[in-house]
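For reference, the structure is listed below as structure tokens.
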Amino acid sequence: MVFFKSACYWLAIGSKDKMIILYFDMGTEIFNTINMPDTCNSYNGPHYGLVVLRDSITMLRYRFPNPEYDPAQHLMQIWKMKEYGLYDSGMKIYTVRSLLIESPLLIWKDYLMLCESREGSLISYDLKLDKIQEFNLQGCPTSLRAICNKESMIQIQCESKDSAQVQFF
Numbered sequence: 172m173v174f175f176k177s178a179c180y181w182l183a184i185g186s187k188d189k190m191i192i193l194y195f196d197m198g199t200e201i202f203n204t205i206n207m208p209d210t211c212n213s214y215n216g217p218h219y220g221l222v223v224l225r226d227s228i229t230m231l232r233y234r235f236p237n238p239e240y241d242p243a244q245h246l247m248q249i250w251k252m253k254e255y256g257l258y259d260s261g262m263k264i265y266t267v268r269s270l271l272i273e274s275p276l277l278i279w280k281d282y283l284m285l286c287e288s289r290e291g292s293l294i295s296y297d298l299k300l301d302k303i304q305e306f307n308l309q310g311c312p313t314s315l316r317a318i319c320n321k322e323s324m325i326q327i328q329c330e331s332k333d334s335a336q337v338q339f340f
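For the sequence shown, the numbering used here assigns the number 172 to the initial residue and increments by one for each residue that follows.
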């Protein structure tokens with residue numbers, strides 16, 4: 172699940188067994204869908220993940236290594252979803268070498284992808300420099316999570332018995 176601009180996004184299987192992005196808008200309390208690009212509709216082979224990149228929902232298509240794994244053929248694709256509600260509105264923005272990952276976690280600073288490796292460790296992949304770095308940080312496999320937080324100067328009223336105080340968070 173990815174939270175972005177007051178909505179929660181999930182990967183789901185829609186009608187006719189096609190992959191879709193399902194989202195729930197917290198403001199309107201309405202569910203809606205985004206169609207996946209035609210080349211990203213198989214749920215029996217590649218794996219998919221959602222992240223935020225350049226202020227847009229972005230879908231990653233990658234493969235788990237298997238005995239027939241060929242790094243030259245099994246590339247990772249990164250698709251920016253252009254317009255919600257339109258059929259096939261994705262635009263492929265990167266094709267990079269396949270990484271031996273369990274799941275993508277997030278893309279930070281628009282070029283640094285954080286992922287969980289198959290062994291449960293944290294790795295980063297620099298989309299600009301094509302460089303992988305593994306961190307000596309072990310977790311239980313499939314347990315790593317990452318959250319990108321944006322600072323806010325929203326004033327939140329905090330009332331006490333004596334007076335109303337404004338605190339900044």
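Ideal Cβ positions, reconstructed from N, Cα and C, are used throughout, including at glycine.
Exercise for the section: Determine the direct distance from the alpha carbon of residue 306 to that of residue 195, and round the result to whole angstroms. Expected result: Here residue 195 refers to the residue found at position 24 of the sequence shown. Here residue 306 refers to the residue found at position 135 of the sequence shown. Between residue 195 and residue 306, the C-alpha separation is close to 34 Å.
Problem - Secondary structure of residue 176, DSSP reduced to three states - result: Residue numbering aside, residue 176 sits at position 5 when the sequence shown is read from its first letter. Coil.
Practice task
Using DSSP bridges, identify the partner residues of residue 303.
Solution key: The residue labelled residue 303 in the question sits at position 132 within the sequence shown. According to DSSP, residue 303 bridges with 296.
Handout entry: Alpha carbon of residue 340 to alpha carbon of residue 229, nearest angstrom
Key = Residue 340 sits at position 169 when you count from the first residue of the sequence shown. Residue 229 sits at position 58 when you count from the first residue of the sequence shown. Per-residue confidence for residue 340 stands at a pLDDT of 49, beneath the threshold of 50, marking its modelled position as unreliable; no derived number is given.
Practice task
Excluding the 5 residues preceding and the 5 following residue 185 in the sequence, name in chain order all residues of the same chain whose CB lies nearer than 6 Å to its CB.
Solution key: For this step, residue 185 is matched to residue 14 along the sequence shown. Counting only Cβ-Cβ distances below 6 Å, and skipping sequence neighbours, we find 191.
Handout entry: Start-end ranges of the beta strand (DSSP E) lying completely within the region 190 to 214, minimum 3 residues
Key = 190 to 196 and 201 to 206
Problem - Whether residue 315 touches residue 290 by CB criterion (7 Å) - result: Numbered from 1 along the sequence shown, position 144 holds the residue referred to as residue 315. Numbered from 1 along the sequence shown, position 119 holds the residue referred to as residue 290. Result no, Cβ atoms of residue 315 and residue 290 do not sit closer than 7 Å.
Exercise for the section: Would you decide whether residue 312 is buried or exposed? Buried here means 16 or more other CB atoms lie within 10 Å of its CB. Expected result: Position 141 of the sequence shown holds residue 312. Exposed, by the Cβ-count rule.
Problem - DSSP state of residue 227 mapped onto helix, strand, coil - result: Within the sequence shown, numbered from 1, the residue matching residue 227 stands at position 56. Strand.
Exercise for the section: Check the DSSP bridge columns for residue 266 and list the partner residues they point to. Expected result: Along the sequence shown, one-based indexing puts residue 266 at 95. Note: residue 266 sits in a beta bridge opposite 248.
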